[in-house]
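What follows is a set of notes on a single structure, which appears directly below.
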Amino acid sequence: MIDHVRDLASVRDATERLLTAAAKLNNDSIAEPSRLPGWTRGHVLAHIARNADALVNVLAGRPMYVSGDARDDDIERDSPRPLTEQLVDVRESAARFEAAGTIPADWSRTVELRNGVTDSASRLPFRRWVEVELHHVDLGIGYELEDLPGEFVQREIAFLAARFSGSPDVPPTRVTDGTHAWSTGRDGEPQVTVSGPASDVVGWLAGRRDGSALTAEGGLLPSLPPL
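The opening position of the sequence shown corresponds to residue 1291 in our numbering, with each subsequent residue numbered one higher.
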């Protein structure tokens, strides 16, 4: 059962870790490339802030973004700001999301995100946790997949495995970190077993690593569709 209150606390902790780390940057270093193609660190920080406000919209029953173009334009607009402004925006937008999460509501209700995707409102804090943790890694400032909280990694692997379940382009696949196992891909008896450390498994599923550190038995390492 999803505990959205506990997840909100995890989001708060992850945000503080990110802000503490990002505060060591400067105006020159936030203009440098991040690990995301075509994005500077400023783009990543701007996206983190605008995502918080977008999830506030979802909780309030409004469209997540006015449009895909508006989302991209907002990130592009905010990306070149000085470090101080970026950090204030990340902190204040995070506070708005946390405040929205404390409003009494039916957390079992279905909400709509981007591109017609729907989910339970109770999962939104976890989705925000994903944004903060993975984009902290994307900044390329010393926080790696191996540094992610263990509970987060296990839940994110399960979440992504479920996301690719039923995908016609992914063969029936068993994924394991040696302790836990998940099924993903098309329906059917698993043809391929992918195994390796949890950090490499989550990196592969989340598009942050190419899977070269993983072992594939029964076939080639499956190619995953973009998230």
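Just so it is clear, CB atoms sit at the ideal spot from N, CA and C, and this is done for glycine as well.
For Trp1329, there is no enclosing beta strand (DSSP E), as DSSP marks it with neither H nor E. Asp1490 has its alpha-carbon roughly 28 Å from the corresponding atom of Leu1403. Under the three-state reduction of DSSP output, Ala1395 falls in the coil class, being neither helix nor strand.
DSSP, reduced to helix, strand and coil, places Glu1421 within a helical segment of the structure shown. In terms of Cα proximity to Arg1464, the closest of Phe1442, Val1482, Leu1424, Arg1453 is Val1482.
Here Asn1316 is exposed, its C-beta having fewer than 16 other C-beta atoms within 10 Å. If you check the CB distance, Leu1345 and Arg1418 come in under 8 Å. For the set Asp1362, Pro1394, Lys1314, the Cα lying nearest the Cα of Ala1350 is the one of Pro1394. Measuring C-alpha to C-alpha distances from Asp1363 to each of Glu1375, Ser1383, Gly1478, His1337 identifies His1337 as the nearest. Within the region 1405 to 1477, the complete beta strand (DSSP E) runs of at least 3 residues fall at 1408 to 1410, 1463 to 1466, 1471 to 1474.
DSSP links Pro1323 through a beta bridge to Thr1330.
Bounds of the beta strand (DSSP E) holding Ser1485 are 1482 to 1485. Ser1502 and Thr1469 have their C-alpha atoms spaced approximately 20 Å apart. Around the Cβ of Thr1310, a 10 Å sphere holds fewer than 16 other Cβ atoms; the residue is exposed. Counting every other CB atom within 10 Å of its CB across the protein chains shown gives Gly1486 a total of 16 or more, marking it as buried. Residue pairing by DSSP places Thr1505 opposite Ser1485 in a beta bridge.
DSSP places Glu1306 within a helical segment (H, G or I) once states are collapsed to three. Cβ neighbours of Leu1308 within its own chain (closer than 7 Å, five residues either side excluded): Val1422, His1426.
Taking each of Asp1477, Ala1411, Glu1375, Ala1313 in turn and checking the Cα distance to His1294, the smallest one comes out for Ala1411.
By the Cβ-count criterion, Arg1352 is exposed, with fewer than 16 other Cβ atoms from all chains shown falling within 10 Å of its own Cβ.
Shortest Cα-Cα distance from Ser1324 to any of Thr1505, Glu1479, Tyr1433, Trp1494 involves Tyr1433.
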